[in-house]
Amino acid sequence: MDQSLLVFVTVAEKGSFTRTAEELHMTQPAVSQYVQMLEKSAGAKLLDRTNKYVRLTKAGEIVYHHAKEILGLYTRMDTLVADLMQVASGPVSIGASFTFGEYALPHMIADMLEEYPLIGPTITIGNTAEICGALLSHELDVGIIEGDYKHDKLYVTPFAEDAMELIVSSKHPFASAAPDFIVSTGEMPGETWIVRESGSGTREASDRWFESLGFMPRSMMAFGSTQLIKESVEAGLGVTLLSRMSVRKELQLGTLKAVKAAGTPVKRNFSLVTHAAPYHTKAVQVFIACLQNGSWSR
């Protein structure tokens with residue numbers, strides 16, 4: 001591993017030569033020497049340094065961004081080589097969409113750790129755009145997204161189908177209608193629709209559904225959390241289109257109702273996203289196998 005890159009990234013993140021020396025167990029002059037070596041190699045000043053602060057220059061921002069990616073690749077390489085002689089163990093950094101990450105992934109992780117207790121998963125929850133961006137910058141080993149995503153440096157493989165339905169409060173007039181009642185397209189525009197933020201797979205599915213039915217809601221609120229949407233619908237603020245998986249408990253308790261509507265259920269895929277590189281650590285391979293065998297759905 002290029003020590004000068006590690007030192008430079010640590011200085012940028014700690015904002016201090018002194019704290020970097022403490023973190024990396026070296027002297028402050030040694031930290032300065034590594035930074036100077038990197039600046040000489042880059043042919044540009046990378047840090048603005050005063051008695052009060054240490055800040056990245058414009059050139060420093062470019063080097064920092066690429067240094068993070070390079071260090072991530074170094075770590076991945078070392079782990080793959082060490083993996084050849086070891087059982088499945090070590091870290092797995094997982095990025096997951098809100099729906100799958102919050103309502104299915106915990107059960108799958110629990111099952112996986114029963115058989116592979118030496119694997120150490122870390123989970124980041126985000127929308128599709130955030131997860132794929134983190135994969136591209138090598139901050140994650142694997143991602144799980146809602147819907148589709150295309151990038152020449154990522155493999156996107158659907159592994160399960162999800163069903164989304166019109167969800168309303170148990171006190172909403174739609175909920176009290178007869179069981180065979182179907183909400184018509186003409187009744188939908190007048191409702192306040194509570195949707196996810198742009199960049200979310202759930203929002204993408206909702207927008208496609210609106211478009212397929214030929215209307216856009218006159219009143220719409222966008223929230224960045226599925227839990228917040230559920231609470232808002234339950235409070236009577238509006239209606240929503242959500243995965244049945246994400247409202248399983250509320251449907252059992254009767255606080256929310258899934259009602260039939262034109263064009264529902266809306267089908268979409270959950271997809272596995274990995275780097276285009278052909279190698280994965282054994283820990284990542286085990287995670288992918290558990291995901292594809294459907295243990296999370298039990």
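Heads up: the sequence shown begins at 1 in the UniProt record's numbering, then just goes up one per residue.
Even for Gly, the Cβ is constructed at its ideal location relative to N, Cα and C.
For clarity, every value in this text was computed on a predicted model and none was experimentally measured.
The stretch 139 to 152 makes contact with the stretch 260 to 277, as at least three CB pairs between them are under 8 Å. The bridge partners DSSP lists for M221 are I194. Here A163 carries a strand assignment [DSSP, helix/strand/coil]. Contact between the stretch 166 to 183 and the stretch 225 to 243 is present: three or more C-beta pairs spanning the two stretches fall below 8 Å. Residues of the same chain with a CB within less than 6 Å of the CB of I229, apart from the 5 flanking positions on each side, are I194, F223, T240 in chain order. Approximately 16 Å separates the beta-carbon atoms of L136 and I94; this is outside 8 Å, ruling out the contact.
Boundaries around V284 are those of the alpha helix (DSSP H), 282 to 292, since no beta strand (DSSP E) includes it. In this chain, the alpha helix (DSSP H) harbouring R208 covers 201 to 213.
Nearest Cα to F17 within the set A42, E39, L47, G43: L47. Taken in chain order, the complete beta strand (DSSP E) segments of 3 residues or longer contained in the stretch 110 to 189 are 119 to 125, 142 to 146, 154 to 169. Separation of V233 and F210 (C-alpha to C-alpha, rounded to the nearest whole angstrom) is 18 Å. The DSSP-derived three-state label of D78 is helix. Residue pairing from DSSP places P91 in a beta bridge opposite G120. Apart from the 5 residues on each side of it in sequence, Y103 sits with its Cβ closer than 6 Å to the Cβ of M245, S246 in its chain, given in chain order.
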